[in-house]
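Structure, as structure tokens:
There are 2 protein chains.
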Amino acid sequence: MSDRGTGQTPVSGETLLFLTDDQLRRGIEAMFFAYRGFTADPDRILQEYSYGRAHHRAVHFIKRSPGTTVNNLLNILGVTKQSLNRVLRALIEDGLVESRVGKQDRRERHLYLTEAGQELEKELSEAQRGRMRAAYRDAGPEAVAGFRQVLEQIMDPEMRRHFQTFKEGS
Amino acid sequence: MSDRGTGQTPVSGETLLFLTDDQLRRGIEAMFFAYRGFTADPDRILQEYSYGRAHHRAVHFIKRSPGTTVNNLLNILGVTKQSLNRVLRALIEDGLVESRVGKQDRRERHLYLTEAGQELEKELSEAQRGRMRAAYRDAGPEAVAGFRQVLEQIMDPEMRRHFQTFKEGS
DNA sequence: CACTTTATGTCAGCCTTGTTGACTTTCCAA
DNA sequence: TTGGAAAGTCAACAAGGCTGACATAAAGTG
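These protein sequence lines are chains A and B, in that order. The letter at position 4 of the first sequence is residue 4 when you use our numbering, and the numbering goes up by one with no holes. The letter at position 60 of the second sequence is residue 60 when you use our numbering, and the numbering goes up by one with no holes.
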């Protein structure tokens, strides 16, 4: 151990070794490689339907919060309305998503998955969950708790808010 | 299948509750939101230089393995040579990366960061490490161990090979 | 009622970063 | 000497980000 990297200085306690630049770099690379795996299975399925990750994200969060408004989705996904609209238009035209005018506020559009949309969502999420389930099982419950804990800390506060909102809500 | 279709059904042992569809969904969303945070700081810096994430990735792995070949980088990054070439060309033209003809095999190009390249890399990685360090510190060493363990399981076997190669190498 | 704000949609155009395909040059190795 | 691997280039294209401008309808406000 000793040095490693450039910015190493002796640390006070041995317990802080996990904060060295080298450990952090490994964490960064783990995130990079893991994210590729994380998206690989849905990506393959999406290709068959000529959709992309953007469609997957929209479908996922509509499934998660049926009746969500366009604006809400915009905030969660962190893209422009033009970008999201392109994706939603395709999903609506293809009959996967239904857009209903709001009852209280008729300016709003509430988004729902159709039967076909539910099916695609199921196919995508089952593929993605399959990999996650295997990873969780191999790593064990304590590792999973740590995994979730660190991920939550990595988020921007605003994203964390979205994440935690989902946690409680339903 | 029994459970984990749509909702929750009793599982065999209480320890398996972390494998429910809902827990998996939370993990999936955590990955999504965390990855956004993970890339946010470097993205901001890159914008100032009119570079993108692709440039960051190239710079990161050249820093990690100085003298690596284009082909090696291609395998790690998982993109086409045309795509990587565009990025490398820009970095070379801007004087951040140096491409040296191989001595044994003169077809190969070995890639190195120049002084300027080192500087950009440092700026980017310090920003990214800063967030990771804070997350690690808040979560603690045991959580970090779990985090890394799960991420490694999520990777494709080939990516895991790359990741582990880096782990040992140097 | 008039005015403003909000939610949404849409058009046009731009950028990055990925793709495929075709082709060339270099040069190692059988 | 010839085949093929490594690298680079050119062209064309697509997804999915972005900005800016503008339209519409509905809600809110004075």
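The beta-carbon is built from N, C-alpha and C at its ideal position, and this holds for glycine as well.
For the pair F163 (chain B) and F33 (chain A), the CB atoms are nearer than the 7 Å cut-off.
Listed along chain B are P141, each with a C-beta nearer than 8 Å to that of T15 (chain A).
Not a single C-beta of chain B is nearer than 7 Å to the C-beta of A127 (chain A). Counting other Cβ atoms within 10 Å of its Cβ, A139 (chain B) reaches 16 or more and is therefore classed as buried. Per DSSP, E119 (chain A) is one residue of the alpha helix (DSSP H) stretching across E115 to A139. In summary, S50 (chain A) is exposed, with fewer than 16 beta-carbon neighbours lying within 10 Å of its beta-carbon over all protein chains present. The beta-bridge partner set that DSSP reports for S99 (chain A) consists of A:L111. With respect to H56 (chain A), P42 (chain A) sits close: the two C-beta atoms are nearer than 7 Å.
Put simply, the CB of A34 (chain B) is near chain A, with a gap under 7 Å to one of its CB atoms.
A Cβ of chain A is located within less than 7 Å of the beta carbon of A30 (chain B).
Straight-line spacing of the CA atoms in L16 (chain A) and E98 (chain B) works out to 36 Å. About 6 Å separates the beta carbon of L84 (chain A) from that of L77 (chain A), a gap short enough to meet the 8 Å contact definition. Looking at the backbone, the Cα of Q82 (chain A) and that of K103 (chain A) are separated by about 24 Å. Secondary structure of T80 (chain B) (DSSP, three-state): coil. Following the DSSP letters along the chain, one finds D156 (chain B) in no alpha helix (DSSP H), marked with neither H nor E. Residue nearest to E152 (chain A) within the set B:T20, B:V70, B:A134 and B:D21 is B:A134 (criterion: CA-CA distance). Straight-line spacing of the CA atoms in Q149 (chain A) and R36 (chain B) works out to 16 Å. For D94 (chain A), there is no enclosing alpha helix (DSSP H), as DSSP gives it neither H nor E. In this structure, the straight-line span from the alpha carbon of P66 (chain B) to that of E93 (chain B) is close to 18 Å. DSSP lists A:L111 as the bridge partner or partners of T68 (chain A). Per DSSP, Y35 (chain A) is one residue of the alpha helix (DSSP H) stretching across D21 to E48. Around G78 (chain B), the beta-carbon contacts reaching into chain A at under 7 Å are R36. Annotation: Cβ neighbours of R148 (chain A) in chain B (cutoff 8 Å, chain order): R26, G27 and A30. DSSP places Q164 (chain A) in the helix class (H, G or I) of the three-state scheme.
When the alpha-carbon of K63 (chain B) is set against those of B:N71, B:L46 and B:Y112, the nearest one is in B:Y112. With a threshold of 7 Å between beta carbons, D156 (chain B) makes contact with chain A.
Taking C-beta atoms as the reference points, L124 (chain B) and L96 (chain B) fail to come closer than 7 Å. Chain A has a Cβ within less than 7 Å of the Cβ of A135 (chain B).
One Cα belongs to E142 (chain A), the other to V144 (chain B), and the distance between them is close to 11 Å. The beta-carbon of D41 (chain A) is placed no less than 7 Å from the nearest beta-carbon of chain B.
For the 7 Å CB-CB criterion, F38 (chain B) and I154 (chain A) form a contact. A direct Cα-Cα distance of roughly 15 Å separates K122 (chain B) from T20 (chain A). A direct Cα-to-Cα measurement between R26 (chain A) and F166 (chain B) gives close to 8 Å.
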